[in-house]
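*Asks:* Heads up, the sequence shown is in my numbering, so the first residue is -10 and it goes up one at a time.
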Amino acid sequence: MAGKILITGGTGLIGTRLSEMLIDSGYEVAHLSRQTGQFSRYKTFRWDIKNHFIDDHAISWADYIINLAGAGVSDEKWTEERKKEILNSRVESTNLLFNCLKSTPNRVKGFLAASAIGIYGDSGEQLVTEESPYADDFLADVAKKWEAASWQMHSMGIRTVIFRIGIVLSDQGGALPQMAKPIKLMAGAPLGSGKQYMSWIHIDDLCQLFIKAIEEPQFHGVFNAVSPNPVTNETFTKALAEVMHRPLLVPKIPAFGLKLVLGELSEVVLGGSKVSSAKIQNTGFTFEYSSLEEALASFYHQEA
-10 MAGKILITGG TGLIGTRLSE MLIDSGYEVA HLSRQTGQFS RYKTFRWDIK
40 NHFIDDHAIS WADYIINLAG AGVSDEKWTE ERKKEILNSR VESTNLLFNC
90 LKSTPNRVKG FLAASAIGIY GDSGEQLVTE ESPYADDFLA DVAKKWEAAS
140 WQMHSMGIRT VIFRIGIVLS DQGGALPQMA KPIKLMAGAP LGSGKQYMSW
190 IHIDDLCQLF IKAIEEPQFH GVFNAVSPNP VTNETFTKAL AEVMHRPLLV
240 PKIPAFGLKL VLGELSEVVL GGSKVSSAKI QNTGFTFEYS SLEEALASFY
290 HQEA
């Protein structure tokens, strides 16, 4: 089954790999971008979120839309201005897509949207599912509003799938290179207590999940996009050091130090949720990387 897939956030960490894997699976891929540079490998349509503009041809071209747009949560300290940008970049872009779909003749069969497991907050040892209560903090608020904006597509009869994405493992960006850097310099250590859970997913499994959701109509509604084996920060750090053949010489990095340096952003690394992947597995989806050791080895197998 092939089709035309329009991606927002197509040049980001997930969008880049997903575009490659969609092409390999026989799909046509186009990106929505602020610039329509001639050097892009992909067909590119212009949009401007602040000025509420989308090239109508993008919507009429697409069979499916994958919405990954949003300012990076961990890229900068959380000033009030940055927090506004994190929220608005997600909600306003999704609202723009909805309004354009409403007003433009189209054949869009499915809308696949990113969300985040941050919606559950710090759940401690408790395993959370898609039915678990939401937290009452900044990241949860962002996720709730983002999902509400995405769910508008359902009112137009478009099959809507929302993936609450965990920590995406990739050597091209995201959390993993940031964690690997101090370990490589033999300065790595668990963060805070080290007991906070990390619900992770290998980037290839995540992209395969998006492709499966395009191809199988049983995908509808909200799914946790995480591997079946969440681990604590301490376990993750030790596994990463082992696969990189580096010792962990430094004791745990105290929480107060992280709070001092990162401010409110420290919540991201000091908290965590133990998230269930049962709903995804019940669809018949098979993870290529269900064990953390295998996932890490796929990136660092040549480290010495």
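Even for Gly, the Cβ is constructed at its ideal location relative to N, Cα and C.
In this text the structure is predicted, and so the values were computed from the model without any measurement.
Using beta-carbon positions only, say whether S139 and I151 come within less than 8 angstroms of one another.
*Replies:* Cβ atoms of S139 and I151: closer than 8 angstroms.
*Asks:* Measuring straight from C-alpha to C-alpha, what distance separates S22 and R35?
*Replies:* Rounded to the nearest angstrom, the two C-alpha atoms are 5 angstroms apart.
*Asks:* Suppose only complete runs of 3+ residues qualify. What are the beta strand (DSSP E) ranges in the region 206 to 242, listed by chain order?
*Replies:* Complete beta strand (DSSP E) runs here, min 3: 210 to 214.
*Asks:* Use the C-beta contact count for N56: other C-beta atoms within 10 angstroms, 16 or more gives buried, fewer gives exposed.
*Replies:* So N56 counts as buried.
*Asks:* Under 8 angstroms, do K(-7) and L116 count as touching if we go by C-beta distance?
*Replies:* No, Cβ-Cβ distance for K(-7) and L116 is not below 8 angstroms.
*Asks:* For E136, collect the residues of the same chain with a Cβ closer than 8 angstroms to its Cβ; drop the 5 residues on either side in sequence, then sort them by chain order.
*Replies:* The answer, listed in chain order, is A102, S104, I108, I151 and V211.
*Asks:* If you scan the region 164 to 192 from start to end, which runs of the alpha helix (DSSP H) of 4 or more residues do you find wholly inside it?
*Replies:* If we require 4 residues or more, the alpha helix (DSSP H) runs fully inside the region 164 to 192 come out as 164 to 173.
*Asks:* Quick test of your reading: A228 and L285, contact by CB under 8 angstroms. State the CB separation rounded to the nearest angstrom.
*Replies:* Right, their Cβ atoms sit about 6 angstroms apart.
*Asks:* Taking only three categories from DSSP, how would you classify I43?
*Replies:* Of the three classes helix, strand and coil, the one that applies to I43 here is strand, per DSSP.
*Asks:* Can you give me the start and stop residues for the alpha helix (DSSP H) that L251 sits inside?
*Replies:* That run of the alpha helix (DSSP H) goes A244 to L251.
*Asks:* Kindly indicate the opening and closing residues of the alpha helix (DSSP H) around K(-7).
*Replies:* Looking at the DSSP string, K(-7) is not in any alpha helix (DSSP H); the run it does join, the beta strand (DSSP E), is K(-7) to T(-3).
*Asks:* Just mark F276 as buried or exposed, buried being the case when its beta carbon has 16 or more other beta carbons within 10 Å.
*Replies:* With 16 or more Cβ atoms within 10 Å of its Cβ, F276 is classed as buried.
*Asks:* By how many angstroms is the C-alpha of P94 removed from the C-alpha of D111?
*Replies:* The alpha-carbon atoms of D111 and P94 are separated by roughly 43 angstroms.
*Asks:* Do the region 242 to 252 and the region 158 to 168 make contact, defined as three or more Cβ pairs closer than 8 angstroms?
*Replies:* The region 242 to 252 is not in contact with the region 158 to 168.
*Asks:* Where do the N-terminal and C-terminal ends of the beta strand (DSSP E) with D64 fall, by residue?
*Replies:* No beta strand (DSSP E) contains D64, which DSSP labels as neither H nor E.
*Asks:* Please classify E283: is it buried, with 16 or more other beta-carbons within 10 angstroms of its beta-carbon, or exposed?
*Replies:* Answer is exposed; the Cβ neighbour count stays below 16.
*Asks:* Determine the extent of the beta strand (DSSP E) in which I54 is found, giving its start and end residues.
*Replies:* Start and end: Y53 to N56.
*Asks:* Count the other C-beta atoms from every protein chain shown that fall within 10 angstroms of the C-beta of F42, then say buried if there are 16 or more, exposed otherwise.
*Replies:* Its Cβ having fewer than 16 others within 10 Å, F42 is exposed.
*Asks:* Using a Cβ-Cβ distance under 8 angstroms, would P94 count as near chain B?
*Replies:* No chain B is present in this structure, which holds just one protein chain.
*Asks:* For the beta strand (DSSP E) containing V157, list its first residue and its last residue.
*Replies:* First-last of the beta strand (DSSP E) with V157: I156 to L158.
*Asks:* Out of R96, D193 and T83, point me to the one whose CA is closest to K134's CA.
*Replies:* With distances taken between Cα atoms, K134 lies closest to T83.
*Asks:* Please check the pair Y278 and S182, which I expect to be a contact at CB under 8 angstroms, by giving their CB distance rounded to whole angstroms.
*Replies:* The pair is not a contact, with the Cβ atoms about 26 angstroms apart (cut-off 8 angstroms).
*Asks:* Within a Cβ cutoff of 6 angstroms, which residues of the same chain sit near D126, ignoring the five residues on either side of it in sequence?
*Replies:* Excluding positions up to five away in sequence, the list reads G110.
*Asks:* Any idea if L128 is buried or exposed, counting beta-carbon neighbours within 10 angstroms, 16 or more meaning buried?
*Replies:* Classification of L128: buried, given that the 10 Å Cβ count is 16 or more.
*Asks:* Which of the three DSSP states, helix, strand or coil, is assigned to R35?
*Replies:* If DSSP states are grouped into helix, strand and coil, R35 belongs with the strands.
*Asks:* Which residues in the same chain have their Cβ closer than 7 angstroms to the Cβ of Q141, if we skip the five residues on either side of it in sequence?
*Replies:* Hits under 7 angstroms: F87.
*Asks:* With three or more C-beta pairs closer than 8 angstroms as the rule, is the region 195 to 203 touching the region -3 to 17?
*Replies:* At 8 angstroms Cβ cutoff, the stretches touch.
*Asks:* Quick one: give me the first and last residue of the beta strand (DSSP E) that V97 is part of.
*Replies:* That residue, V97, is in no beta strand (DSSP E); it is neither H nor E in DSSP.
*Asks:* So, is S78 buried or exposed, given that buried needs 16 or more other C-beta atoms within 10 angstroms?
*Replies:* By the neighbour-count rule (16 or more Cβ atoms within 10 Å), S78 is buried.
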